[in-house]
Amino acid sequence: DTEPNNSFSTAQVLAQNVTTTGHFGYYYNNIRDTFDWYKIVITTSGALQLSYTQNSGNNCGYFQIFDNDGITAINTETFNCGGTNNQTTDGLQPGTYYIRIRNYNGSFATYTLTNTLILPAIGTDPEPNNTRGQAKPLQVNNTVTGQFGYRFNGGLRDSVDWWRVTTNAAGLLQLQYTQN
């Protein structure tokens with residue numbers, strides 16, 4: 451991996467759905483490379499799957515994904531001591547996220563990191579529509595798809611979707627909700 455990338459502010463940019471290689475624990479100018487950070491920009495909602503393969507010996511490492519502040523961990527660290535481990539973080543909205551790889555107990559190792567964005571089965575609704583004032587139009591006799599619970603940058607969740615229905619006659623308005 452290209453150095454320096456030892457903090458989220460110096461993270462290497464990692465495109466969606468690619469594989470990269472790196473190493474940690476090596477010395478250069480009397481400094482040990484203990485962290486590797488990657489920055490990934492997700493362009494659509496979905497689940498980010500990380501596949502981390504330790505390539506050299508039994509030296510161990512951790513990998514984890516963080517929110518756009520580089521501080522807020524979105525999931526728990528996954529420990530890898532040889533072989534391949536996968537970690538999937540679901541419910542991510544488009545935005546910037548960081549991946550941190552760190553060594554365990556002063557070890558050094560080489561690794562391969564693959565990221566895969568898994569798209570949801572149903573498309574997203576137009577955002578923002580989280581308040582009554584932001585309600586999106588829902589035409590009579592029409593169907594819309596949406597999603598809620600997805601994480602926005604900064605740790606916020608899309609917990610509410612508002613829709614506005616305008617009728618042009620008196621009558622019964624029926625709504626049908628199907629969760630997929």
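Residues in the sequence shown are numbered consecutively from 451, following this note's numbering.
Every residue, glycine too, gets a C-beta built ideally from N, C-alpha and C.
(message) So, with DSSP's three-state summary, where would you put Gln584?
(response) The sequence position of residue 584 within the sequence shown is 134, counting from 1. It is helical.
(request) Mark Ala461 as exposed unless 16 or more other C-beta atoms lie within 10 angstroms of its C-beta, in which case mark it buried. (result) The count along the sequence shown starts at 1 and reaches residue 461 at position 11. Buried, by the Cβ-count rule.
(message) Buried or exposed, going by whether 16 or more other CB atoms sit within 10 Å of the CB of Asp519?
(response) As a working mapping, residue 519 is identified with position 69 in the sequence shown. Looking at its Cβ environment, which holds fewer than 16 other Cβ atoms inside 10 Å, Asp519 is exposed.
(message) Please classify Thr616 as buried or exposed, where buried requires at least 16 other C-beta atoms within 10 Å of its C-beta.
(response) Position 166 of the sequence shown, counted from the start, is the residue given in the question as residue 616. Thr616 should be labelled exposed.
(message) Counting C-beta neighbours from all protein chains within 10 Å, is the total for Ser457 16 or more, i.e. buried, or is it exposed?
(response) Residue 457 sits at position 7 when you count from the first residue of the sequence shown. Exposed is the call here.
(message) Helix, strand or coil for Thr460? Go by DSSP, reduced to three states.
(response) Your numbering for residue 460 matches position 10 in the sequence shown. If DSSP states are grouped into helix, strand and coil, Thr460 belongs with the helices.
(message) Using a Cβ-based criterion (distance less than 8 angstroms to any ligand heavy atom), does Phe516 qualify as near the ligand NAD?
(response) For the structure depicted, the ligand NAD is absent and the ligand set is empty, with no information on it obtainable.
(request) Can you give me the Cβ contacts of Tyr401 inside the same chain, cut-off strictly under 8 angstroms, excluding the 5 residues immediately before and after it? (result) Outside the modelled stretch of the chain, which goes from 451 to 630, sits residue 401, for which no answer is possible.
(message) In the DSSP output, which residue or residues are listed as bridge partners for Thr484?
(response) To locate residue 484, count along the sequence shown from 1; it is residue 34. According to DSSP, Thr484 bridges with nothing at all.
(message) In whole angstroms, give me the CA-to-CA distance for Arg552 and Pro578.
(response) Residue mapping note: residue 552 aligns to position 102 of the sequence shown, counting from 1. Residue mapping note: residue 578 aligns to position 128 of the sequence shown, counting from 1. So the two alpha carbons sit approximately 36 angstroms from each other.
(request) Report the three-state DSSP secondary structure of Ser501 (helix, strand or coil). (result) As a first step, residue 501 must be located in the sequence shown, where it is residue number 51. If DSSP states are grouped into helix, strand and coil, Ser501 belongs with the strands.
(message) Using 8 angstroms as the cut-off, can you tell me whether the stretch 609 to 624 makes contact with the stretch 586 to 601, which would need three or more C-beta pairs spanning the two stretches below that distance?
(response) yes
(message) Quick check on this structure: which residue in Ala465, Ser459, Pro454, Phe474 has the alpha carbon closest to the alpha carbon of Gln559?
(response) Start at 1 with the first residue of the sequence shown, and residue 559 comes out as number 109. The sequence given here has Ala at residue 559, not Gln. Of the candidates Ala465, Ser459, Pro454, Phe474, the one whose C-alpha sits nearest the C-alpha of Ala559 is Phe474.
(request) Output the distance between the C-alpha atoms of Gly573 and Gln597, rounded to the nearest integer angstrom. (result) Residue numbering aside, residue 573 sits at position 123 when the sequence shown is read from its first letter. Residue numbering aside, residue 597 sits at position 147 when the sequence shown is read from its first letter. Between Gly573 and Gln597, the C-alpha separation is close to 7 angstroms.
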